[in-house]
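Visitor: Residue numbers for the sequence shown follow my numbering, so the first one is 44 and each next one is one higher.
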Amino acid sequence: MVLRRIVETEIRRVKATGEAGHALRFDCSAISAPQGDGRPWILFVVLDVGTRMILGWHVAESAVALPGYQRAARDALAKLDDLSPPIWATRLTEVEIKSGLDKEATAKLVERLDAAIAGNVQHADSDARFGRYFKKLVGGKLGLLSLTPARTLRGDALPPNGDMTPWSRSELETHFAIKAAEYNDEVMREKQALASGALSEIPADVLELLQIVAELQ
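(1) For residue 151, count neighbouring Cβ atoms within 10 angstroms of its own Cβ and tell me buried if that reaches 16, exposed if not.
(2) So, is residue 52 buried or exposed, given that buried needs 16 or more other C-beta atoms within 10 angstroms?
(3) Residues bridged to residue 137 by DSSP?
(4) With 16 as the cutoff for other CB atoms within 10 Å, does residue 45 come out buried or exposed?
(5) Can you tell me where the alpha helix (DSSP H) with residue 177 in it begins and where it stops?
(6) Could you tell me the alpha carbon to alpha carbon distance between residue 223 and residue 200, rounded to whole angstroms?
(7) For the beta strand (DSSP E) that residue 97 lies in, which residues bound it at each end?
(8) So residue 264 is in the beta strand (DSSP E); what residue range does that whole segment cover?
(9) Go to residue 110, then tell me how far its alpha helix (DSSP H) extends in each direction, as first and last residue.
(10) Where residue 185 and residue 177 are concerned, what is the direct C-alpha to C-alpha distance, given to the nearest angstrom?
(11) Around the C-beta of residue 81, are 16 or more other C-beta atoms found within 10 angstroms, so that it is buried, or is it exposed?
(12) Just to confirm my understanding: we take residue 107, look at its own chain, exclude 5 residues before and 5 after, and list those with CB closer than 7 Å. What are they?
The structure is reproduced here in structure tokens:
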């Protein structure tokens, strides 16, 4: 009986890794679009590991993480009902949050979230490896925009062919919104082809975590 319970638990764990809401990643990285001062725009995202969806995103002028993640979480909450993944996990089990310039504030947020939800919340606090979750789950490029992680904290943008023509916020947001929606649609088509047709609800911990981040002061 003990062995059977262990096997059943492992089967449920493996199954959950492909479901929405099982694990989330908060990531940030410089991208190849220049600002007016030559610095790159910084992308903040909330990613779902099981489906590889971009749940929410925000582009910012600096790599200060908390306001970037706050706006990305708000974006995610506004879109959750429309994303409609085929299967939600029964609960959120793990979250990783990449810090930006505000490491101490990010560490405090991680502690707060870890106390608020049942899942494990970890702080990725290295000054390197910006954008690693995005690259692993989505890829190193989306539309005309490439990740340029080494320029997240300092240095000028690295646009294609050295073209430093600035991107306005509206241009950047319009382009990324279109490409992120196209990407999510493609991911969902793949998932729906594998889905059993069962309906499920967004895990309560996913909503609670996003609401806490979205309401940061």
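The C-beta atom is built at its ideal place from N, Cα and C for all residues, glycine as well.
Guide: According to the data block:
(1) Position 108 of the sequence shown, counted from the start, is the residue given in the question as residue 151. Under this definition residue 151 is an exposed residue.
(2) Reading the sequence shown from its first residue, position 9 is the one you call residue 52. Because the pLDDT of residue 52 is 38, which lies under 50, any placement of that residue in the model is unreliable, and the question is left without a value.
(3) In the sequence shown, counting from the first residue as 1, residue 137 sits at position 94. DSSP output for residue 137 lists 66 and 163 as bridge partner(s).
(4) Within the sequence shown, numbered from 1, the residue matching residue 45 stands at position 2. Any reading at residue 45 needs caution, since the residue's pLDDT is 45, under 50, leaving its predicted position unreliable; the model's value is listed next. Classification for residue 45: exposed.
(5) The count along the sequence shown starts at 1 and reaches residue 177 at position 134. Taken as a continuous stretch (DSSP letters only), the alpha helix (DSSP H) holding residue 177 covers 175-180.
(6) Within the sequence shown, residue 223 is the residue found at index 180, counting from 1. Within the sequence shown, residue 200 is the residue found at index 157, counting from 1. Near 21 Å, if we compare the C-alpha coordinates of residue 200 and residue 223.
(7) Taking the sequence shown and counting its residues from 1, one reaches residue 97 at position 54. Looking at the DSSP string, the run of the beta strand (DSSP E) that includes residue 97 is 97-103.
(8) Since the first residue shown for the chain is 44 and the last is 260, residue 264 is missing from the structure and cannot be characterised.
(9) Here the question's residue 110 lines up with position 67 in the sequence shown. 108-126 is the extent of the alpha helix (DSSP H) around residue 110.
(10) Locating residue 185 in the sequence shown gives position 142, where the first residue counts as 1. Locating residue 177 in the sequence shown gives position 134, where the first residue counts as 1. For residue 185 and residue 177, the distance between alpha carbons rounds to 10 Å.
(11) Along the sequence shown, read from residue 1 onward, the residue named residue 81 stands at position 38. Exposed is the call here.
(12) Counting from one through the sequence shown, the residue named residue 107 turns up at place 64. Result list for residue 107: 143, 144 and 145, in chain order.
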